[in-house]
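In what follows, a structure is listed as structure tokens, so that the remarks can point back to it.
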Amino acid sequence: MGTQLPPRPAASGTPNAVEDDFRDHLPTVDSSGRRRWIYPRRPSGRLHRARLVVSWILLAVLVTGPWIRIGGNPLLLFDIVNRRFSILGQMFWPHDTFIFAVAMLTGFIMIVLFTAVFGRVWCGWLCPQTVLMEMVFRKVEYWIEGDAPKQKRLAAAPWTLEKIGKRVLKYGIFFAISFVVGNLLLAYIIGSERLTEIITDPPSEHLVGFTFMILFTLLFFGIFARFREQACTFVCPYGRFQSVLLDDHSIVVAYDDRRGEPRGRRSRGQQREERIAGGTGDCVDCHLCVEVCPTGIDIRNGTQMECVNCTACIDACDSVMSRVGFPTGLIRYASRAGIDEGEGLTITPRIVAYTAALLVLTTFLGFLVFSRTDVHATFLRNPGTLAQVLPDGQVANFYTVRVMNKTNEPLEVELRLLGQGGQVTLPGGPLTIPGREIVERPAVLTLPAATVRSRENEVAVGIFAGDELIERFDTNFFGPESP
Ligand code: SF4
Ligand code: SF4
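Given below as structure tokens:
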């Protein structure tokens with residue numbers, strides 16, 4: 015953060031009232047309505063290095079995720095077709111609706127609260143779109159075509175052999191990466207085993223899977239080769255929510271207009287004290303913060319919906335400030351209120367309260383997830399059936415037992431009556447449920463006639479795996495109709 019200066023008479027919220035036309039124009043569209051291609055300068059600096067580290071960790075998780083197993087389950091799986099989901103190795107089935115609802119609610123509140131306090135940290139540091147665009151595809155582009163000025167020159171140049179070669183190489187690599195990303199998405203949806211089958215078997219045996227593989231590849235190629243920042247500025251709903259989620263206390267990538275304005279070019283050797291005495295701010299109007307911006311905006315116009323908080327402008331401005339001998343932090347993580355009151359990053363009671371609320375919610379969700387049982391069972395009377403008196407004098411009622419095995423190992427269970435004579439018989443022998451499957455079987459509950467004293471008799475049935483009681487059911491055992 016920069017050192018504190020005497021307050022300057024800049025207007026709060028609209029620092030650059032003179033150049034106010036940014037409000038009426040998209041940075042990526044020219045006056046004739048055609049797309050203006052963004053050529054951001056290659057970012058560098060301490061925050062970019064930190065983002066690189068985070069991105070490589072995220073990419074490592076993203077690439078290996080479908081093959082990582084926790085307790086035999088995938089790290090992440092979103093099998094929409096078969097309604098099976100795995101998060102951190104915890105399998106979720108259609109009946110886990112309550113947990114799913116709590117998870118959705120927690121996720122939504124987390125997004126709202128987190129964004130209200132910390133702005134778009136997600137967009138700049140964690141979103142796969144930003145990570146892949148800025149840390150993978152853009153890096154390939156810089157490697158092949160050079161920094162922004164060279165890219166512009168190449169785009170304007172005639173189609174020479176060199177240009178064709180560079181474009182073929184770039185789009186060839188883009189296509190290969192898109193193929194990998196498309197396959198990864200497929201692996202997260204159908205599981206790594208089925209993806210391996212699609213890759214190794216002839217395409218004719220997996221026409222649907224093969225079609226989606228091609229579609230996902232083309233989709234990602236289109237996004238990263240052409241659509242780019244428009245995914246964040248036009249399509250992503252999260253970006254469009256910013257105007258209602260952020261307030262003056264939200265911490266965002268912000269330009270300190272009180273310190274920077276009125277901006278002005280710096281003559282060689284000019285000292286900061288001379289500028290202050292002359293009424294000029296610290297911004298030397300070098301435009302570097304605009305040139306590095308991947309969405310093409312000028313952060314000096316204030317917080318804008320297009321800003322993905324990628325921090326490139328912070329690094330760029332810090333490098334300029336260091337070069338001219340001014341304090342860094344003219345663009346920094348700060349809230350509007352913090353800038354107006356001349357404060358740095360402060361932990362307010364609001365931040366503490368929101369963070370505590372998030373912790374409570376995530377703890378509750380964690381409790382729900384980790385206290386789930388590995389087996390889910392139902393034991394229901396067959397509709398419309400009555401009691402039957404068997405030839406040996408016992409009375410029978412008829413049920414259906416349904417057991418879901420959420421583990422990966424086969425599970426053998428048996429049903430026992432709890433606390434009284436009689437038995438539960440499963441026609442067809444012991445009940446064995448293969449891993450991750452559901453088995454449904456008829457069950458006959460018999461009691462000695464002497465113990466059936468009324469029309470409805472309360473009984474309890476337990477489902478056991480070995481000696482462990484997995485689930486208990488209380489049911490009414492019907493006695494025979496009176497003659
Ligand atoms: S304004 Fe700065 S933080 Fe926002 S997108 Fe542009 S370069 Fe990134
Ligand atoms: S990089 Fe800093 S000094 Fe240069 S124009 Fe942007 S805010 Fe001003």
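Numbered according to the working numbering, the sequence shown spans residues 15 to 497.
Beta carbons are placed, not taken as given, at the ideal position from N, Cα and C, and that holds for glycine.
Small disclaimer: the values here were computed from a predicted structure and weren't measured.
Practice task
Could you tell me which residues DSSP puts in a beta bridge with H390?
Solution key: Locating residue 390 in the sequence shown gives position 376, counting from the first residue. H390 pairs with M418.
Handout entry: Cβ distance (whole Å) where A474 is taken to contact G433 below 8 Å
Key = In the sequence shown, the residue the question calls residue 474 occupies position 460. In the sequence shown, the residue the question calls residue 433 occupies position 419. That belief holds up - the Cβ atoms of A474 and G433 are roughly 6 Å apart, short of 8 Å.
Handout entry: 7 Å Cβ shell around T342 - same chain, five flanking residues per side excluded
Key = Locating residue 342 in the sequence shown gives position 328, where the first residue counts as 1. Excluding residues within five positions, the ones whose Cβ falls inside 7 Å are G16, D332, M335 and S336.
Problem - F132 and I265 closer than 8 Å at C-beta - result: If you number the sequence shown from 1, residue 132 lands on position 118. If you number the sequence shown from 1, residue 265 lands on position 251. Yes, the pair counts as a contact, with Cβ atoms nearer than the cut-off.
Problem - W139 classed as buried or exposed, judged by whether at least 16 other C-beta atoms fall within 10 angstroms - result: As a working note, residue 139 is residue 125 in the sequence shown. So W139 counts as buried.
Problem - Check: V298 C-beta below 7 Å from any heavy atom of ligand 2 - result: Position 284 of the sequence shown, counted from the start, is the residue given in the question as residue 298. Yes; taking the cut-off as 7 Å, the Cβ of V298 has a heavy atom of ligand 2 nearer than that.
Handout entry: Under 8 Å between C-beta atoms of P41 and V306
Key = For this step, residue 41 is matched to residue 27 along the sequence shown. For this step, residue 306 is matched to residue 292 along the sequence shown. Their beta carbons are not under 8 Å apart, which means P41 does not touch V306 by this criterion.
Handout entry: Pairwise C-alpha distance: F122 and V304
Key = Counting from one through the sequence shown, the residue named residue 304 turns up at place 290. Counting from one through the sequence shown, the residue named residue 122 turns up at place 108. Their backbone Cα atoms lie some 32 Å apart in a straight line.
Exercise for the section: Determine whether the Cβ of T210 lies closer than 8 Å to any Cβ atom of chain C. Expected result: Any reference to chain C falls outside this structure, which holds one protein chain only.
Practice task
With distances taken Cα to Cα, identify the nearest neighbour of S192 among F235, E176 and F151.
Solution key: Counted from its first residue, the sequence shown places residue 192 at position 178. Cα-wise, what sits closest to S192 is F235.
Problem - Sub-8 Å separation of V427 and T439 beta-carbons - result: Working through the sequence shown from its first residue, we reach residue 427 at position 413. Working through the sequence shown from its first residue, we reach residue 439 at position 425. The answer is no: Cβ separation not under 8 Å.
Exercise for the section: Pull up the CB-CB distance for F384 and I203, whole angstroms please, since I reckon it's below 8 Å. Expected result: Working through the sequence shown from its first residue, we reach residue 384 at position 370. Working through the sequence shown from its first residue, we reach residue 203 at position 189. Not really, about 25 Å apart at Cβ, beyond 8 Å.
Exercise for the section: Determine, using beta carbons only, whether L461 and F487 come nearer to each other than 8 Å. Expected result: Residue mapping note: residue 461 aligns to position 447 of the sequence shown, counting from 1. Residue mapping note: residue 487 aligns to position 473 of the sequence shown, counting from 1. For L461 and F487, no; Cβs fall outside 8 Å.
Exercise for the section: Could I get the ranges of all uninterrupted beta strand (DSSP E) runs contained in the region 428 to 482, with 3 residues as the minimum, in chain order? Expected result: Counting whole runs of 3 or more residues, the region 428 to 482 contains the beta strand (DSSP E) stretches 437 to 439, 445 to 447, 452 to 461 and 470 to 479.
Exercise for the section: Identify whether N315 lies in helix, strand or coil by the three-state DSSP scheme. Expected result: As a first step, residue 315 must be located in the sequence shown, where it is residue number 301. In the structure shown, the three-state DSSP call for N315 is helix.
Handout entry: Contacting residues, own chain, Cβ-Cβ under 7 Å from C250 (five flanking each side not counted)
Key = By 1-based counting over the sequence shown, the position of residue 250 is 236. There are no such residues.
Handout entry: Which of helix, strand or coil DSSP assigns to I500
Key = Because the chain here runs from 15 to 497, residue 500 falls outside it and cannot be looked at.
Practice task
Figure out for me which residue from R60, P88 and S69 has the closest Cα to the Cα of N422.
Solution key: For the purposes of this step, residue 422 is taken as residue 408 along the sequence shown, with counting starting at 1. Considering only alpha carbons, the answer is P88.
Handout entry: Test item: CB-CB of F188 and F151 under 8 Å
Key = On the sequence shown, residue 188 is found 174 positions in, with the first residue counted as 1. On the sequence shown, residue 151 is found 137 positions in, with the first residue counted as 1. A contact, by the Cβ cut-off of 8 Å.
Exercise for the section: Using a threshold of 8 Å, state whether the C-beta atoms of P308 and E243 are closer than that. Expected result: Against the sequence shown, residue 308 aligns to sequence position 294. Against the sequence shown, residue 243 aligns to sequence position 229. Contact: yes.
Handout entry: Cβ neighbour criterion (16 or more within 10 Å) applied to L119
Key = Working through the sequence shown from its first residue, we reach residue 119 at position 105. Looking at its Cβ environment, which holds fewer than 16 other Cβ atoms inside 10 Å, L119 is exposed.
Problem - Own chain residues within Cβ distance below 7 Å of I365, not counting five before or after - result: Here residue 365 refers to the residue found at position 351 when the sequence shown is read from its first residue. Here the set comprises V131.
Practice task
Quick one: residues in its chain with C-beta nearer than 6 Å to the C-beta of P73, no 5 flanking neighbours on either side, listed in chain order?
Solution key: Position 59 of the sequence shown, counting from 1, holds the residue named residue 73. First, the residue type needs correcting, since residue 73 is Leu and not Pro in the sequence shown. Excluding sequence neighbours, L73 sits near nothing in its chain.
Exercise for the section: Kindly indicate the opening and closing residues of the beta strand (DSSP E) around V150. Expected result: Residue 150 sits at position 136 when you count from the first residue of the sequence shown. That residue, V150, is in no beta strand (DSSP E); it is neither H nor E in DSSP.
Exercise for the section: Note the first and the last residue of the continuous alpha helix (DSSP H) segment covering Q285. Expected result: Translated into positions along the sequence shown, residue 285 becomes position 271. Note, Q285: premise wrong, no alpha helix (DSSP H); not H, not E.
Problem - Span separating the alpha-carbon of T392 from that of L483 - result: Residue 392 sits at position 378 when you count from the first residue of the sequence shown. Residue 483 sits at position 469 when you count from the first residue of the sequence shown. C-alpha separation (whole angstroms): 14 Å.
Exercise for the section: Return yes when at least one heavy atom of ligand 2 lies under 7 Å from the C-beta of C303, else no. Expected result: Within the sequence shown, residue 303 is the residue found at index 289, counting from 1. Flag set: Cβ of C303 near ligand 2.
Problem - Cβ separation of D296 and F224, assumed to be a contact under 8 Å, to the nearest whole Å - result: Locating residue 296 in the sequence shown gives position 282, where the first residue counts as 1. Locating residue 224 in the sequence shown gives position 210, where the first residue counts as 1. 58 Å between Cβ atoms; not a contact.
Handout entry: Limits of the beta strand (DSSP E) - the one that L379 falls within
Key = The residue labelled residue 379 in the question sits at position 365 within the sequence shown. Where L379 is concerned, there is no enclosing beta strand (DSSP E), although the alpha helix (DSSP H) it sits in stretches over P363 to F384.
Practice task
Determine the burial state of L175: buried for a count of at least 16 other Cβ atoms within 10 Å of its Cβ, exposed for fewer.
Solution key: For the purposes of this step, residue 175 is identified with residue 161 of the sequence shown, where counting begins at 1. Per the 10 Å Cβ criterion, exposed.
Exercise for the section: Label R280 either buried or exposed according to how many other C-beta atoms from any shown protein chain fall within 10 Å of its C-beta, with 16 as the threshold for buried. Expected result: One-based indexing of the sequence shown puts residue 280 at position 266. So R280 counts as buried.
Practice task
Could you tell me whether the Cβ atoms of R395 and Y368 are closer together than 8 Å?
Solution key: As a first step, residue 395 must be located in the sequence shown, where it is residue number 381. As a first step, residue 368 must be located in the sequence shown, where it is residue number 354. The answer is no: Cβ separation not under 8 Å.
Exercise for the section: Using three-state DSSP, classify R167 as helix, strand or coil. Expected result: Along the sequence shown, read from residue 1 onward, the residue named residue 167 stands at position 153. The answer is helix: DSSP assigns R167 an H, G or I state.
Handout entry: Best match in E495, L232, C300 and G407 for proximity to N197 [C-alpha to C-alpha]
Key = To locate residue 197, count along the sequence shown from 1; it is residue 183. Out of E495, L232, C300 and G407, L232 has the C-alpha closest to the C-alpha of N197.
Exercise for the section: Specify the secondary structure class of E355 as computed by DSSP and reduced to three states. Expected result: Here residue 355 is taken as the residue at index 341 of the sequence shown, counted from 1. Reduced to three states, the DSSP call for E355 is coil.
Exercise for the section: May I have a chain-ordered list of the beta strand (DSSP E) segments no shorter than 3 residues that lie completely inside the region 252 to 291? Expected result: 266 to 269
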